[in-house]
Structures are given as structure tokens and as C-alpha cells.
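Chains A and B are the protein sequences, given in the same order. Start counting the first sequence at 7; every next residue gets the next number (my numbering). Start counting the second sequence at 47; every next residue gets the next number (my numbering). Virtual Cβ for every residue (Gly too), placed ideally from N, Cα, C.
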Amino acid sequence: MSLLSVRSLRKAFAETPVIADVSFDVGEGQAFALVGPSGCGKTTTLRLIAGFERPDAGHVRLRGQDITALPPEQRGVGFVFQDYALFPHLTVEANVAFGLRRLPRRPRQERVLEVLSLVGLAGLWSRHPHELSGGQMQRVALARALAPQPHVVLLDEPFNSLDAGLRETTRQDVRTLLHRAGTTSMLVTHDQEEALGFADVLGVMQGGRLEQIGTPSEVYARPRTAFVAQFLGRANVLAGRAEGTSAITAVGTVQLDGQAWGEVQLALRPESVELVRGGDWTLSGREYRGHHLILRLHRDEQRLTVRAEAPCPFVEGDLVRPVPRGRAVPLEDGCDGTPNRCSPTMPSPQAHDPARSMAGSGAPTRCGRR
Amino acid sequence: MASVSHRSWRPPTALLLPGALAAAAALLPLGYLLLRALEADWGTLADLILRPRNLVLLGNTLALTAGVLAVDTAIAVPLAWLLSRTELAARKWLTVLALLPLAVPGYVMATALLGLGGQHGVLARTLGVQIARPSGYWGALACIALYTFPYVFLNTRTALLGMDANLEEAARSLGCTPREAVRRAVLPQLRPALLASWLVVGLYTLGDFGAVSLMRYETYSYAIYLQYAGAFDRTYAAWLALLLLGLALVLILIQGGLLRGRSFHRTGPGSTRHSAHVPLGRWRFAAWGYLALVYGLSLALPIGTLAYWLLQRPLAPQTGRLLESASGALSVALPAAAAAALLAVPLAYLVSRKPGRATGVLEGAAYMGYATPPFAFGLGWVFFGLRGLPWFYQTLPLLVIALALHFLALAVGPVRSALAQAPPRLEEAARALGYGPVRAFARATLPLIVRGTVAGAALVFLLAMKELPITFLLSPPGFSTLATQVFSYTSEALFAQAAPFALAIVALSVPFVGLLLRREVAR
């Protein structure tokens with residue numbers, strides 16, 4: 007049974023719908039991430055779960071209990087704010103103890119110490135928030151949310167205010183911490199790398215709707231829509247004519263992950279394409295990225311992004327031919343962008359590892375792409 | 047969705063109620079003023095409004111306002127420039143001194159000036175020089191200008207300090223001489239600061255009652271006073287008060303209109319660079335002379351005169367009176383300050399957490415109470431008291447409520463700035479940690495706004511201590527404060543008797559200047 011269950015949530019601000027029919031489940035102990043561009047409704051979803059906002063329709067259930075109408079303080083939900091929202095007038099210790107007022111003095115102090123040690127800040131209990139670094143404030147915020155042992159911790163872009171170097175290590179630390187504490191968590195972010203790296207399960211959101219839910223590898227390898235394909239890392243979205251397990255596209259015949267017939271939209275990852283010298287595509291952009299390169303090709307109005315290993319022999323202006331090596335994924339959006347117009351047959355869930363199917367054999371890259 | 051500015055949030059009734067109540071109460075006297083004014087039949091009405099005396103009053107009031115604004119600007123702008131842009135020594139202390147005249151209210155200044163000249167004035171007694179007692183236009187102008195110029199000074203100084211030096215240098219590089227650069231690049235940027243302070247000073251001038259009455263200069267306020275104290279034609283008094291209020295509104299609208307659609311922001315990237323301080327060279331002596339003149343007239347003159355009068359009579363027989371009126375002022379100012387702070391918290395909370403049309407109206411009402419010339423405001427309460435709550439009229443609680451509502455806007459300001467430091471997320475964090483709405487406010491937000499609230503209350507307290515017109519109109523029979531004592535002694539030319547009360551007011555007002563200083567000079 008899922009711990010947190012969200013059903014048909016809707017919310018509009020000043021008659022502008024922000025969330026239109028969102029449903030998902032988060033299992034006990036799971037780390038769930040909601041990812042999407044800014045303005046997609048993900049923070050609002052989080053605030054609806056926390057109880058800071060009331061939904062116009064839909065239900066939120068926590069451990070089977072309907073909490074939709076409960077005020078925030080009765081939900082047992084922890085919240086970590088983007089800017090931490092530490093109480094500036096209280097010390098680290100008092101901040102962490104804030105949610106523990108029902109505990110007697112002794113167990114309260116023990117719990118505070120316990121959580122502060124968990125986040126590695128036991129030595130800083132007497133400081134005030136303004137005396138802490140960004141990373142430390144982050145961890146105090148987490149400790150404060152964890153202290154009352156909430157059923158679920160909600161994190162609203164918690165790594166946003168950290169600089170790039172600190173962000174990655176903090177993210178891993180927090181993930182490890184939450185797992186160690188056995189806490190169910192839900193993260194909201196606009197950063198796909200963060201979502202892929204943090205989550206056991208992730209949901210991609212756009213325009214107030216959940217476009218796809220799945221494990222990071224599932225969603226990355228088999229995006230259902232062009233938006234998901236492009237939002238989670240680069241993807242080429244190509245029009246093609248499918249004939250069962252393969253399709254004819256602008257880059258020639260590609261193998262399909264699953265089966266489809268007729269006019270379809272396909273997602274082809276940049277790492278699933280190899281370049282051969284000679285052809286009618288022009289190399290128009292070359293970005294060096296250290297251990298790999300991002301190459302941009304065009305032929306008339308058509309564009310293609312290719313990821314190549316360094317060193318790469320091609321230079322801007324070269325004429326090349328792209329050769330698809332990995333499998334392309336038929337998308338559910340129609341050829342004109344509307345969902346399900348071309349109704350390609352989606353493969354039923356199969357036993358093989360989906361991460362392998364798109365990276366495919368013969369692709370010049372491996373599956374770890376972060 | 048990183049930041050959504052308009053969260054759906056229903057203000058709790060616990061806040062909405064006092065907020066709405068305060069706003070309604072601030073508007074109540076205006077309603078009664080209107081009611082009373084409209085009672086007259088059309089014949090009387092036409093007679094009241096169209097009488098030529100109204101035009102004279104209007105002309106006098108406008109002339110006084112214009113004169114005060116001109117004198118204030120002439121005093122304050124050079125002063126602000128000297129104390130912010132030059133290498134003059136001890137600029138910080140001189141800045142404090144430049145604000146001190148705020149501690150000398152208009153009627154105290156009037157007491158001093160009236161006690162200076164004439165046959166038995168200070169000058170005649172000490173130097174044998176006899177000058178005419180100031181009175182009428184020039185007397186009123188001097189009294190009001192000499193204590194309001196610090197407002198203009200303060201705004202101008204802040205603007206000068208915040209100004210980007212690059213603009214002045216750009217003007218120089220485009221061929222302007224230093225003087226031209228100041229005229230064409232610096233002065234235009236002072237405009238918003240000047241307009242803001244002109245509004246404040248203008249409203250003060252319209253509202254001033256003590257100085258104009260003592261100087262016998264016929265403005266609306268003085269005319270209302272004459273109607274009230276002498277003839278007591280209430281309908282006419284109500285009409286005069288409404289006309290005065292209309293004038294205040296026109297002033298507010300003009301200021302808003304002049305400010306609209308103008309940008310004074312820096313247009314480029316990068317941080318503001320401060321100007322280097324100008325060496326004065328030989329002009330230093332002229333500068334010191336100017337400072338001596340300004341401080342001499344605005345501080346040394348009134349305080350010296352009052353001190354002289356104080357020494358003319360033994361203080362002992364008056365101590366009883368002094369204590370009585372001081373405790374009278376306290377008994378009004380303390381509860382008024384507390385009430386204003388209590389009302390300001392919910393009001394400021396609503397306005398800053400839920401900006402919108404409804405809360406805008408609430409805030410507007412609070413500011414209306416402050417912008418309404420005090421005599422008009424007080425008269426509205428008189429009518430309300432007589433008609434609505436006769437058992438309440440001329441009681442201390444009514445006076446306290448009227449003062450609290452009149453000064454409410456002053457308490458809202460500091461609370462609002464404090465609330466800006468306490469983002470709503472803090473309360474949400476407390477909610478997520480198991481606190482109900484009221485406790486969340488008490489534990490997360492309240493500790494952060496206590497100081498601002500206390501500062502606001504202190505401001506109201508000090509202003510209520512020396513308030514004259516509303517106290518004059520609404521105080522219970524036999525009740526006196528320091529301000530009413532100064533006024534009644536001075537109107538009978540009993541300067542030696544007035545002096546201790548006036549000096550007490552000055553002494554009590556110095557902390558008020560300190561409060562302003564902490565807020566303004568520190569930034």
C-alpha cells in the first residue's frame with residue numbers, strides 16, 4: 007500500500023488553473039521527485055500536500071487517512087523550504103526543537119542531539135542561522151523537518167540556493183540521510199539531473215499535469231511524450247514512418263523500442279547516433295564538454311543533436327552522415343504535438359531492463375549518463 | 047514555480063476584525079463631519095460656502111503652505127548638501143542637530159517668538175532693544191517653517207547619499223561645469239525626495255493649529271477654532287473642516303500625480319558609486335556661518351528664550367500644575383500608543399501578507415486618519431460624540447481612541463517594515479511542525495516584529511504627548527496636558543508661566559528625534 011496517495015488534484019489561482027488533475031502514489035520509504043520547468047505546478051502540488059493551500063478538487067491520503075481538509079499542523083508532514091525558512095531569532099538547537107514542544111525536556115534534548123548528529127551539525131547547536139553557511143542552513147532545515155518524525159518529508163527545491171559544487175555533495179548526503187532514517191520523501195525540482203539522481207520514482211510535470219511517472223531509468227529510457235524526452239536530458243524528436251519494429255526517418259531506418267505503425271514521433275537520444283564522414287548533413291556547432299562533445303547538425307530545416315566521444319575528428323563545416331545505433335522510442339504525442347493522434351502501439355511492460363533498450367547495443371555510450 | 051506571489055490565503059477573522067474596525071473607526075469622524083455639514087438647508091449652505099471669507103481663508107492657507115514649503119526648501123537643501131557631500135567636520139553631529147528642531151513644535155516656537163519681542167519681551171528686558179512681536183503671516187510662517195524643515199532635510203539627505211556619482215561625472219564629461227552638473231544632473235534627481243517631504247510638510251502646515259492661532263493668522267484651522275471657541279456655528283465649522291480636508295486631499299493627489307510615470311532608478315548594471323566629498327576651501331567660513339544661522343534660529347533662539355522666561359519666575363508654585371498636566375498627557379499618550387500598536391499589528395499583517403484591493407482600502411483608511419488635518423479629525427469626533435455616544439463625549443477614553451486612530455498610520459509603518467523581515471514561510475514552517483495558526487504567528491512572526499511594534503508605539507506616544515488640536519477639542523472639562531497649558535498661557539501672553547511646560551515638551555520630544563534618527567540616519 008502506498009504511504010502517500012494523491013488523487014485528481016486540481017487547483018486554480020485567480021481562475022488560472024495551476025494544477026489540472028494530478029494523481030500519483032509514493033511508497034513507504036521511497037524518494038519521489040517531481041520535476042518540471044518553472045511554473046508547471048510542482049511547488050503548488052507540494053504545498054497542497056503540506057496543507058499550505060487547499061485544493062479545488064481531489065484528495066490527498068496519507069497512510070490511508072484522507073488529510074485533504076486537515077490544517078498543516080495536523081498532517082504529520084515535514085517541509086524543507088527553498089530558502090530554508092529558519093527562524094532567525096532562534097538558535098540551531100531551538101530551531102530543531104521547534105516541532106518537539108510536546109516532548110518533555112529530556113527526550114526533546116536527546117532527539118535534537120540525535121537529529122543534529124544525523125546531519126553532522128551537533129557542534130553548532132548554539133549558533134544562530136545567520137552564523138551558518140548555506141550548506142549548514144540546509145542541513146539544519148532538514149534536521150528541523152526530520153525531528154518530529156514526520157510520515158513524509160517534502161523538499162521544495164532544497165538545493166537551489168547552494169552553489170554548484172556544494173549542490174551535488176549535499177544532494178547525495180541528504181539522500182543517504184533520508185534513506186538511513188527510513189523517511190519517505192518527496193522532492194520538487196526543475197533540475198532534471200537532481201531528479202534523476204535523487205529519486206527512486208519520479209514524475210515529470212508540465213502545464214499542471216503529470217506527463218509520466220516511473221523510475222528514473224524507465225522515464226529516461228522510454229519517455230512517453232516529446233516533452234519528457236527533451237526535458238530529461240537532450241533528445242532528438244523525429245517524425246517517421248513506422249513499420250512494426252523499425253521506422254524510416256530523416257536519419258535513415260531506426261530500430262524501435264517496441265512496435266508502432268504509421269506516422270509517428272520518435273525520440274532518439276544524442277548518444278544513440280554515430281557520425282560517418284561524407285553525407286548531406288552539415289556540422290554547424292561543436293561544444294567541447296571534456297570527456298564528450300555535443301555536436302549540432304543541420305540539413306535544410308532539419309536539426310539533429312549528437313553526442314560524440316572525445317577526441318572527435320569532425321570540425322564545424324564538415325559534411326557528415328548520422329547513423330542511428332541505438333533504438334528510438336515512439337512517443338505518444340501525435341505528429342503535430344497533440345497527444346495520441348497517431349496512436350502508436352506502446353510496448354507492454356517487458357521484463358528486460360528498459361535502460362538498455364534505448365542506449366542500445368552499439369551506441370557509443372554507456373548507460374550512466376550523469 | 048519557485049516563487050508564486052499570490053498564494054491563496056484567507057485572512058483569519060481574528061485579524062480581519064480589528065483591521066476592519068480600525069479602518070472604519072478612522073473614517074467614522076469624516077462621516078459625521080459630512081453628516082453635520084449636509085444638515086443645513088440649501089439657502090444656508092449657499093450662504094456658507096459662497097461667502098467671500100472662505101476665499102480669504104483659502105488664500106491665506108495656500109499662501110502659508112507655499113511660504114513654508116519655499117522657506118523649508120531654501121533652508122534644507124543647502125544644509126543637506128553641506129552635511130552629505132562636503133568635507134565639513136563633525137557632519138554626523140551636525141546632522142543630529144539639524145533634526146532636533148522637530149522637538150520644538152509650532153506652538154512652542156510661537157511661545158518663544160512671541161516672548162522675544164514687544165515691550166516686555168526678552169530683547170527689551172536684556173538688551174533694551176524693542177522689536178515688534180511677530181504675528182500674522184510672517185509669525186506663523188517662521189513658527190512652522192523652523193520646525194518642519196528637518197523633514198525636507200532628511201529626505202534630501204537620503205537622496206543625496208543614495209545618488210550615483212557616475213551621473214554627475216557623466217554630465218561633466220558631456221561638457222557641464224560643476225555648477226551646471228549639479229543643476230542638470232543632481233537637482234532633478236532630488237525631485238521625488240522633495241515631493242515626498244513637501245507632502246508631509248504641507249499636511250503639517252494645513253493641520254497646524256497652535257502656531258496660527260497664537261500668531262492670529264486666519265487659516266482654516268484658526269477659523270475653525272474661532273467658530274468652535276467663540277461663535278460656535280457648528281455647521282460652518284463642519285464646512286470649514288471639510289474644505290480643509292479637501293485641500294489636504296488635493297495636496298495628496300497633486301503629489302501622486304507629479305510622481306507618477308517618472309523613473310529615477312539607475313538604468314544600468316553595476317553598483318552605485320558614492321560621490322567623493324567636496325572640499326570647501328575658503329567657502330568653509332560661509333558654510334559655518336550658514337549653519338550657525340540655521341541652528342541659531344531653529345534651536346538656540348526658542349530654547350534660549352524659553353530658558354530666560356523660565357528663570358524669571360520661581361518654578362516651585364508651578365510644580366503641582368506641571369506634574370498634573372504631565373500626568374494628564376501621560377494618561378492619554380500611554381493608552382493611545384498601546385491601542386495604536388495593537389491595531390497596527392493586525393492591519394500591517396493583513397496589508398503585507400495579503401496585498402489587494404480590500405486590504406488596500408484598510409490601509410488607505412488608516413493613512414486617511416493621519417492625513418486628515420487634526421482639527422477636522424477632532425471636530426468629526428466631536429460630532430460623533432455628541433450625536434452617536436453622548437455619554438462618551440468629553441471622556442478620556444474617547445480622546446485616547448481618537449488620538450490612537452489619528453496616529454495609527456505612524457505605528458503601521460514600522461510594523462510593516464519589520465514584517466518584511468519575517469517572510470510568510472516562517473509561519474508555514476511552524477505550521478508544518480505542528481503549530482496552529484495563532485501559535486505559529488506567536489512563535490515564528492511575533493518575536494521578529496516586537497521591536498518594530500515597540501518603535502511604532504513609541505512614535506505614537508511621543509506625538510500624542512504633545513498633540514494639541516485633538517486634545518483641545520476632545521479633552522474632558524478641567525483636563526490639561528502640557529500642550530494645552532502652553533497654549534492657554536501663551537494666548538494670554540503669560541510667557542514665564544508657559545516656559546516650563548514648553549521646555550518640558552521639548553525635553554520629551556528629544557527621544558522622538560532619536561527614534562527618527564535610528565531609522566533614518568542609520569541607513
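If I measure Cβ to Cβ from residue i and keep anything under 8 Å in the same chain, skipping five residues before and after, which residues do I get?
i	result
A/Tyr294	Ala316
A/Phe320	Leu281, Arg283, Leu289, Arg292, Leu301, Ala314 and Val326
A/Thr97	Trp131, Ser132, Arg133 and His134
What residue range is occupied by the uninterrupted alpha helix (DSSP H) comprising residue i?
i	result
A/Ala151	Gly140 to Leu152
A/Pro222	Pro222 to Ala227
B/Val378	Ala362 to Arg399
How big is the Cα-Cα spacing for residue i and residue j?
i	j	result
A/Met211	A/Ser8	20 Å
A/Gly70	B/Gly498	45 Å
A/Ala227	A/Pro43	20 Å
B/Ala186	B/Ala156	8 Å
B/Ala503	B/Leu343	31 Å
A/Pro222	A/Glu199	10 Å
A/Ala169	A/Val279	In the sequence as displayed, the identity of residue 169 of chain A is Asp instead of Ala. Roughly 34 Å separates the two Cα atoms.
B/His166	B/Gln358	12 Å
B/Leu368	A/Glu79	55 Å
B/Ala112	B/Val102	15 Å
A/Gly33	A/Ser191	9 Å
B/Ala542	B/Thr536	9 Å
B/Val484	A/Leu76	16 Å
B/Leu297	B/Gly248	7 Å
B/Ser181	B/Leu145	25 Å
A/Gly188	A/Glu120	15 Å
A/Leu40	A/Thr195	6 Å
A/Ala151	A/Leu184	11 Å
Drop a sphere of 10 angstroms on the beta-carbon of residue i, count the other beta-carbons inside from all chains shown, and report buried for 16 or more, exposed for fewer.
i	result
B/Val154	buried
B/Trp427	buried
B/Tyr555	The sequence given here has Ser at residue 555 of chain B, not Tyr. So B/Ser555 counts as buried.
A/Arg234	For the record, residue 234 of chain A in the displayed sequence is Val; it is not Arg. Under this definition A/Val234 is a buried residue.
B/Pro381	buried
A/Trp287	buried
A/Asp342	Unreliable positioning characterises A/Asp342 in this predicted model, as indicated by a pLDDT of 45, which lies under 50. A coordinate reading is not provided.
B/Ala120	exposed
A/Glu21	exposed
B/Leu435	exposed
B/His452	buried
B/Ser572	Beyond the ends of chain B as shown, which are 47 and 569, falls residue 572 of chain B; an answer cannot be given.
B/Ile495	buried
By Cβ distance below 6 Å, which residues in the same chain neighbour residue i in space, the five residues on each side in sequence not counted?
i	result
A/Leu161	Val86 and Leu193
A/Gly105	Ala153 and Pro154
A/Thr344	Residue confidence for A/Thr344 is low, a pLDDT of 43 falling below 50, so the modelled location carries little weight; the figure read from the coordinates is stated next. Nothing listed; no residue qualifies.
A/Leu238	Gln198 and Tyr226
B/Ala548	Val154, Thr157, Leu352 and Val532
B/Arg179	Leu160, Gly163 and Gly164
B/Ala284	Leu79, Arg82 and Ala83
B/Thr107	Thr265 and Tyr266
B/Ala422	Ala287, Leu290 and Leu291
A/Asp31	Ser8 and Ser11
List the endpoints of the continuous beta strand (DSSP E) containing residue i.
i	result
A/Pro328	Leu325 to Pro330
A/Glu315	Gln308 to Glu315
B/Leu326	From DSSP, B/Leu326 is part of no beta strand (DSSP E); its letter is neither H nor E.
B/Asn100	Unbroken run through B/Asn100 is the alpha helix (DSSP H), Pro98 to Arg131; no beta strand (DSSP E).
B/Leu173	Element bounds for B/Leu173: n/a, residue is neither H nor E.
A/Phe19	Ser8 to Phe19
A/Gly33	Thr22 to Gly33
By Cβ distance below 7 Å, which residues in the same chain neighbour residue i in space, the five residues on each side in sequence not counted?
i	result
B/Ala122	Phe195, Val198, Phe199 and Thr202
B/Ala545	Leu352, Trp355 and Leu356
A/Gln142	Leu127 and Leu130
B/Thr609	Given that chain B is displayed from residue 47 to residue 569, the structure contains no residue 609 of chain B and the question cannot be resolved.
Complete runs of the alpha helix (DSSP H) confined to the segment 58-136 of chain A [at least 4 residues]: Correct list: 98-103 and 111-124.
4-residue-minimum alpha helix (DSSP H) runs that sit fully inside the segment 154-227 of chain A, ordered along the chain: Taking only runs of at least 4 residues, the alpha helix (DSSP H) segments lying wholly in the segment 154-227 of chain A are 170-187, 198-204 and 222-227.
Start-end ranges of the beta strand (DSSP E) lying completely within the segment 242-304 of chain A, minimum 3 residues: Here the runs fully enclosed are 242-255, 258-274 and 279-294.
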